[in-house]
Amino acid sequence: MNERITQYRDKITQYWNKFNRNQKILLISTLSIIVIAIIVMTIQFSKTQYEVAFKDLDSKDAAGIMEYLDSNKIPYQLSADGKSISVPSTDAARAKVDVGSQGIIQNGSIGFGAFDKSSSAIGMTDNEFNVKYNSALNGEVEQLLERMDGIENAKVLINLPQESVFAGMEDQEKASASVVLTFKPSYRPDQEAIDGYYNLVKTAIPHLPIENITISDEETELLPSEKGGSNGGSIASAVQENLQLQKKFENDVRQNVRQFLSRIIGPDKVDVLVASKLNFDQRNTKEQLVEPVDKDNMKGIEISAQKIQESYTGKSNPNGGVVGTGSGAVPNYPSNSSSGDTNSEKLSETINYEVNRITNDIIASPYTVKDLTINVAVDPPNGQNAIDQATQDAIKNILVNIVRASLADSGVTYTDADLAKKVSVFSQTFNGANVATTGSIWSNKLLWGIGIAALVLIAGGGFLIARRRKQKQQFEEELPLTAPVEFPSINLDSVTNESQVRKQLEVLAKRKPDEFVNLLRTWLADE
1 MNERITQYRD
11 KITQYWNKFN
21 RNQKILLIST
31 LSIIVIAIIV
41 MTIQFSKTQY
51 EVAFKDLDSK
61 DAAGIMEYLD
71 SNKIPYQLSA
81 DGKSISVPST
91 DAARAKVDVG
101 SQGIIQNGSI
111 GFGAFDKSSS
121 AIGMTDNEFN
131 VKYNSALNGE
141 VEQLLERMDG
151 IENAKVLINL
161 PQESVFAGME
171 DQEKASASVV
181 LTFKPSYRPD
191 QEAIDGYYNL
201 VKTAIPHLPI
211 ENITISDEET
221 ELLPSEKGGS
231 NGGSIASAVQ
241 ENLQLQKKFE
251 NDVRQNVRQF
261 LSRIIGPDKV
271 DVLVASKLNF
281 DQRNTKEQLV
291 EPVDKDNMKG
301 IEISAQKIQE
311 SYTGKSNPNG
321 GVVGTGSGAV
331 PNYPSNSSSG
341 DTNSEKLSET
351 INYEVNRITN
361 DIIASPYTVK
371 DLTINVAVDP
381 PNGQNAIDQA
391 TQDAIKNILV
401 NIVRASLADS
411 GVTYTDADLA
421 KKVSVFSQTF
431 NGANVATTGS
441 IWSNKLLWGI
451 GIAALVLIAG
461 GGFLIARRRK
471 QKQQFEEELP
481 LTAPVEFPSI
491 NLDSVTNESQ
501 VRKQLEVLAK
511 RKPDEFVNLL
521 RTWLADE
């Protein structure tokens with residue numbers, strides 16, 4: 001066994017001695033790098049990779065999660081601020097599902113789940129129940145608000161009145177709620193979202209009217225539509241929205257005018273300036289109209305009719321005095337004494353007609369154009385200082401028609417002279433366009449020059465390389481042939497002992513190493 005080990009060691013030593021110093025250093029360095037790489041990769045792959053599973057935690061939620069992870073023997077890492085917890089990547093998904101299913105994360109608030117754990121074995125008092133119920137209701141509303149888009153944190157304080165058996169529903173004291181919201185960065189709620197917050201709180205708490213709810217953010221109070229809220233309850237926000245609508249209207253008019261005139265005059269030869277004034281007063285109008293069904297005869301539909309006719313025939317009273325005589329009589333007035341037959345007739349007719357009753361609720365548009373001016377600058381054709389009068393008049397007519405159509409609902413009647421004052425057309429040379437065109441021409445010439453110079457350099461370089469190769473080939477052909485090297489010869493036939501051959505080779509290698517190397521090369525070539 002020892003002899004075999006010795007043979008292996010000798011073979012390894014002989015193999016190692018074949019390498020020179022540089023080869024040995026290279027081999028050792030390569031093996032060292034491989035070993036170090038294996039060690040580093042082993043450590044890296046065996047190292048536990050953590051990922052953030054829970055972030056933006058409250059102190060109570062963080063404590064609950066840590067307790068859960070400790071009970072399940074799951075390693076974790078707590079961040080320096082205590083708001084994030086990282087777990088191994090292999091256990092992250094399972095930990096998230098388990099923590100979410102158990103309701104550990106409450107964002108610092110408790111819900112009705114608190115009643116699952118009784119405070120004592122015999123139950124709880126009325127005061128303890130009221131306090132716990134109020135806290136649970138606050139927590140439930142907070143959790144509902146935090147689930148809505150854009151809300152990062154919510155704090156709710158609800159005041160529930162004490163119920164009285166001696167007061168009716170109308171006399172009962174109403175509940176109230178105060179809410180403070182923290183929104184995510186760069187998020188601003190619109191009026192629809194704010195109304196949603198109020199409706200959520202109103203429906204979650206019994207006997208709570210909207211006027212008893214106060215919702216605020218970190219800067220100001222958020223008003224609902226019932227309290228006159230508009231775009232977040234901020235007047236500045238409403239003004240900003242109106243300015244955006246006005247800017248959009250002006251941009252649309254400018255783009256339409258420029259696009260239409262560019263087809264006539266040419267692209268990049270028209271510049272348009274639009275100024276407008278909009279009325280953002282929104283009006284609601286209610287009309288109650290009554291119209292006849294038959295407009296030609298101005299009659300409606302007969303829904304009922306009543307006709308009464310009375311007639312009388314008889315004798316008059318024969319007894320009477322003298323006409324116009326007697327005490328207290330009026331002269332020339334007939335007396336009640338007459339003779340002959342008496343006839344009387346009475347006719348009464350009543351007809352009820354039904355007409356069309358129309359009720360219109362009219363809501364005016366969110367804005368109307370009160371004033372509009374359009375100014376157009378036209379680049380004259382090449383070689384001219386101004387555009388011709390016919391083109392200028394045609395452009396003015398187009399602009400006047402646009403202004404007339406835009407001001408149709410302004411409530412003011414404008415004449416053609418008034419509309420002509422609201423438009424202007426003038427000639428202006430666009431120096432920027434000429435400079436840009438000149439710059440593009442020069443840039444094209446420069447690119448062509450660079451390309452031609454590059455081709456010349458490549459052609460010259462190829463010519464020089466070909467010429468140098470040709471000169472080198474001619475120089476090698478003119479060189480004289482070198483005499484063959486004579487190597488020292490060893491007569492192996494005269495030597496019978498193998499040890500003597502080895503000694504001669506060793507002597508030759510020590511005294512003349514270069515010749516010895518050339519000799520070995522010659523032998524290898526012959527073989």
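If you're matching positions, the sequence shown starts at 1 in the UniProt record's numbering and goes up one per residue.
Just so it is clear, CB atoms sit at the ideal spot from N, CA and C, and this is done for glycine as well.
All figures in this text were calculated on a predicted structure; none of them were measured in a lab.
Inspect the CB distances between the stretch 175 to 186 and the stretch 144 to 160 and report whether three or more fall short of 8 Å.
yes
Are A80 and V141 touching if we call contact CB-CB under 7 Å?
Here residue 80 is taken as the residue at index 80 of the sequence shown, counted from 1. Here residue 141 is taken as the residue at index 141 of the sequence shown, counted from 1. Their beta carbons are not under 7 Å apart, which means A80 does not touch V141 by this criterion.
Pairwise C-alpha distance: T429 and N385
If you number the sequence shown from 1, residue 385 lands on position 385. If you number the sequence shown from 1, residue 429 lands on position 429. Rounded to whole angstroms, N385 to T429 spans 8 Å at the Cα level.
What did DSSP end up calling D416 once you bin it into helix, strand or coil?
By 1-based counting over the sequence shown, the position of residue 416 is 416. The answer is helix: DSSP assigns D416 an H, G or I state.
I need the boundaries of the beta strand (DSSP E) containing K277, first residue and last residue.
Here residue 277 corresponds to residue number 277 of the sequence shown, with the count starting at 1. Start and end: V270 to N279.
Residues in its own chain within less than 6 Å of I374 by CB, not counting five upstream and five downstream?
Numbered from its first residue, the sequence shown carries residue 374 at position 374. If we look at I374 and ignore the five residues flanking it on each side, its Cβ neighbours are V274, L399 and V423.
With DSSP as the reference, identify every bridge partner of G314, one or two as the case may be.
What you label residue 314 is simply residue 314 of the sequence shown in a count that begins at 1. The partner list for G314 (beta bridge, DSSP) reads T342.
I need the straight-line Cα distance from L278 to E287, nearest angstrom please.
Here residue 278 refers to the residue found at position 278 of the sequence shown. Here residue 287 refers to the residue found at position 287 of the sequence shown. Cα-Cα distance, rounded: 26 Å.
When burial is assigned at 16 or more other CB atoms within 10 Å of the CB, is K269 buried or exposed?
Residue mapping note: residue 269 aligns to position 269 of the sequence shown, counting from 1. Label assigned to K269: buried.
Let me confirm a value: L31 is counted as buried when at least 16 other C-beta atoms fall within 10 Å, else exposed. Which label applies?
Against the sequence shown, residue 31 aligns to sequence position 31. When all chains shown are included, L31 counts as exposed.
The beta strand (DSSP E) enclosing I363, as first and last residue numbers
Within the sequence shown, the letter at position 363 stands for residue 363. Counting along the chain, the beta strand (DSSP E) containing I363 begins and ends at N356 to I363.
What span of residues does the beta strand (DSSP E) with S424 cover, start to end?
Within the sequence shown, the letter at position 424 stands for residue 424. Per DSSP, S424 belongs to the beta strand (DSSP E) from V423 to S427.
From this set, R404, V355, N343 and N352, which residue's C-alpha is nearest D371's C-alpha?
Along the sequence shown, one-based indexing puts residue 371 at 371. Comparing Cα-Cα distances from D371 to each of R404, V355, N343 and N352, the minimum goes to R404.
So who's on the other strand from D294, going by DSSP bridges?
Counting from one through the sequence shown, the residue named residue 294 turns up at place 294. Paired residues: K299.
Could you tell me which of N352, G314 and N284 sits nearest to K307, measuring between CA atoms?
Numbered from its first residue, the sequence shown carries residue 307 at position 307. Of the candidates N352, G314 and N284, the one whose C-alpha sits nearest the C-alpha of K307 is N352.
Would you mind giving the Cβ-Cβ distance between V355 and E291, rounded to the nearest angstrom? I have them listed as a contact below 8 Å.
One-based indexing of the sequence shown puts residue 355 at position 355. One-based indexing of the sequence shown puts residue 291 at position 291. With 8 Å as the limit, V355 and E291 qualify as a contact, their Cβ atoms being about 6 Å apart.
Compute the beta-carbon to beta-carbon distance between R263 and V272, rounded to the nearest angstrom, for a pair I have assumed lies under 8 Å.
On the sequence shown, residue 263 is found 263 positions in, with the first residue counted as 1. On the sequence shown, residue 272 is found 272 positions in, with the first residue counted as 1. Not a contact, Cβ separation roughly 14 Å.
Are three or more beta carbon pairs between the stretch 49 to 67 and the stretch 83 to 90 nearer than 8 Å?
yes
Coil, strand or helix - P88 by DSSP:
One-based indexing of the sequence shown puts residue 88 at position 88. Looking at P88 - three-state DSSP - the assignment turns out to be strand.
Compare the beta carbon distance of N212 and S176 with 7 Å and say whether it is the shorter of the two.
Here residue 212 refers to the residue found at position 212 when the sequence shown is read from its first residue. Here residue 176 refers to the residue found at position 176 when the sequence shown is read from its first residue. Yes, they are a contact pair.
Can at least three beta-carbon pairs, one atom from the stretch 190 to 197 and one from the stretch 145 to 152, be found at a separation below 8 Å?
yes
Give me the Cβ distance between L69 and A37, rounded to the nearest whole Å; I'm assuming they're in contact under 8 Å.
Counting from one through the sequence shown, the residue named residue 69 turns up at place 69. Counting from one through the sequence shown, the residue named residue 37 turns up at place 37. The Cβ separation is near 35 Å, so there is no contact.
DSSP three-state label for F54, please.
Numbered from its first residue, the sequence shown carries residue 54 at position 54. In this structure, F54 counts as strand in the three-state DSSP scheme.
Do H207 and K248 count as a contact pair if the criterion is CB distance below 7 Å?
Here residue 248 is taken as the residue at index 248 of the sequence shown, counted from 1. Here residue 207 is taken as the residue at index 207 of the sequence shown, counted from 1. Their beta carbons are not under 7 Å apart, which means K248 does not touch H207 by this criterion.
Which residue comes first and which comes last in the alpha helix (DSSP H) that contains S71?
For the purposes of this step, residue 71 is taken as residue 71 along the sequence shown, with counting starting at 1. Taken as a continuous stretch (DSSP letters only), the alpha helix (DSSP H) holding S71 covers S59 to S71.
Quick check on the burial criterion: 16 or more other C-beta atoms within 10 angstroms. Buried or exposed for Y197?
Taking the first residue of the sequence shown as position 1, residue 197 is located at position 197. That one is buried.
Find the nearest neighbour of A305 within the set G266, K299, E349 and F280, judged by alpha-carbon distance.
Counting from 1 along the sequence shown, the entry for residue 305 is found at position 305. Checked all of G266, K299, E349 and F280; the closest Cα to A305 is E349.
Taking only the alpha-carbon atoms, compute the straight-line gap between V201 and V97 and give it to the nearest angstrom.
If you number the sequence shown from 1, residue 201 lands on position 201. If you number the sequence shown from 1, residue 97 lands on position 97. One C-alpha to the other measures close to 29 Å.
Between which two residues does the alpha helix (DSSP H) carrying F129 extend?
Walking along the sequence shown from the start, residue 129 turns up at place 129. Unbroken alpha helix (DSSP H) run through F129: D126 to E146.
Candidates N397, K83, K73 and V131: which alpha carbon is nearest D58's?
What you label residue 58 is simply residue 58 of the sequence shown in a count that begins at 1. Nearest C-alpha to D58: K83.
Neighbourhood of E310 by C-beta, 6 Å cutoff - its chain only, sequence neighbours within 5 removed:
Taking the sequence shown and counting its residues from 1, the one referred to as residue 310 is at position 310. The answer, listed in chain order, is K346.
Buried/exposed call for N138, threshold 16 Cβ in 10 Å
Against the sequence shown, residue 138 aligns to sequence position 138. With 16 or more other Cβ atoms within 10 Å, it is buried.
Which residues in the same chain as D56 place their Cβ atom closer than 7 Å to its Cβ, once the five residues preceding and following it in sequence are excluded?
For the purposes of this step, residue 56 is taken as residue 56 along the sequence shown, with counting starting at 1. Contacts found: K83.
By alpha-carbon positions, which one of S276, L419 and V369 ends up nearest to S410?
What you label residue 410 is simply residue 410 of the sequence shown in a count that begins at 1. Selected option, being the one with the closest Cα: V369.
In DSSP terms, what S216 is bridged to
Here residue 216 refers to the residue found at position 216 of the sequence shown. S216 is bridged to V180 and E221.
By DSSP, does D409 sit in helix, in strand, or in coil?
Position 409 of the sequence shown, counting from 1, holds the residue named residue 409. Looking at D409 - three-state DSSP - the assignment turns out to be coil, as it is neither helix nor strand.
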